[in-house]
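A quick write-up on the structure given underneath.
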Amino acid sequence: MKLFLQDRPKAMLKWIGIILVWLLLVWDACCHDDSCPTSSNWTGHEFFSQRNSLFILLNRTYTPVGGRNESLCMRTGYVVFDYKNYTLERIFRYKNLSEGDAQYEWPYAWINMTFYNKTELELYDWMNTTGIMREGYNLPSPLWYFAYVQEHCAVIKVITGATIRKNLAMRNGTIVINSCELWKRRIRKYNGE
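Below, the structure written as structure tokens:
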């Protein structure tokens, strides 16, 4: 019984990942023109610029750069600097199980997030990132596309050099590999609110 309970979270995460990938593949297969309904009028910029909120990576459809025990519990801090021209700064943190009690057990980085649209008709759902200051933070700076955005959650396609190479290799076939992340908003509560 104990072994069954230990494997249960892994199985549940696997199924959540499968469902998330399936939803994104259906969305991607059905929505190739301008008549496709959008998730909402929310943009990636509006999602991450919400004040008194931190954002938690709940699930991803790929293995992180360092392996399954690296970059776990990815999250932002509550502080956000919102600049003009669709630019934000937030702190990102994650947990490395391989680090143990080492100095960089919770690496962090201040990340500059620049949002843009590829055409005038699109929302600001593309994002480039650059690191401003880092301590032990070794993740590559991704290009994100916000595929689904609401006030409290977002599904993001993570585009890296490896993703682009896999997609180009598979484009001749019928399968396109998507590296996706599910982010959830957590609102800071004050005085028992």
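With mature numbering (1 follows the signal peptide of the UniProt record, and there is no 0) applied, the sequence shown covers -31 to -1, 1 to 162.
Glycine included, each C-beta is placed from N, C-alpha and C at the ideal position.
Once you ignore the five residues that flank H14 on each side, which residues in its own chain have a CB closer than 6 Å to its CB? Y55, F84 and Y93
Exposure label - P76; buried when at least 16 CB within 10 Å: buried
4 or more residues per run - each alpha helix (DSSP H) lying fully within the region 1 to 60: 13 to 17
Answer yes if the region 111 to 129 comes into contact with the region 37 to 45, meaning at least three C-beta pairs across the two stretches below 8 Å, and no otherwise. no
Closest Cα partner of I80 within the set W95, G100 and E74: With distances taken between Cα atoms, I80 lies closest to G100.
Below 8 Å on the Cβ atoms is my guess for I128 versus E150; work out the distance and round it to an integer in Å. That belief does not hold up - the Cβ atoms of I128 and E150 are roughly 11 Å apart, past 8 Å.
Among F24, N10 and R29, nearest to N147 - alpha-carbon criterion: Nearest C-alpha to N147: R29.
Among M82, E74 and H121, whose alpha-carbon lies nearest the alpha-carbon of G26? The residue you asked about is not Gly; residue 26 is Leu in the sequence shown. Comparing Cα positions, the closest option is H121.
8 Å Cβ cutoff met for S22 and Y47: In this structure, Y47 lies closer than 8 Å to S22 by Cβ.
Spatial neighbours of R155 within its chain, please: C-beta separation below 8 Å, excluding the five flanking residues on both sides. Taken in chain order, the residues that qualify are S22, L23, F24 and I25.
Of all the options E104, A78, A116 and M102, which has the alpha carbon lying nearest to the alpha carbon of M96? Nearest C-alpha to M96: A116.
Answer with buried or exposed for T32, where buried requires no fewer than 16 other C-beta atoms within 10 angstroms of its C-beta. It counts as exposed.
Counterpart residues of L151 in DSSP-defined beta bridges: N28 and V124, per the DSSP bridge assignment.
Take K64 as the anchor and find which of T88, R20, K53 and T45 has the nearest alpha-carbon. T45
Quick one, are the C-beta atoms of F16 and A123 less than 8 Å apart? yes
Among F61, N10 and R103, the one whose alpha carbon lies nearest that of W152: F61
Quick check on this structure: which residue in K158, E74, Q119 and M82 has the alpha carbon closest to the alpha carbon of R59? M82
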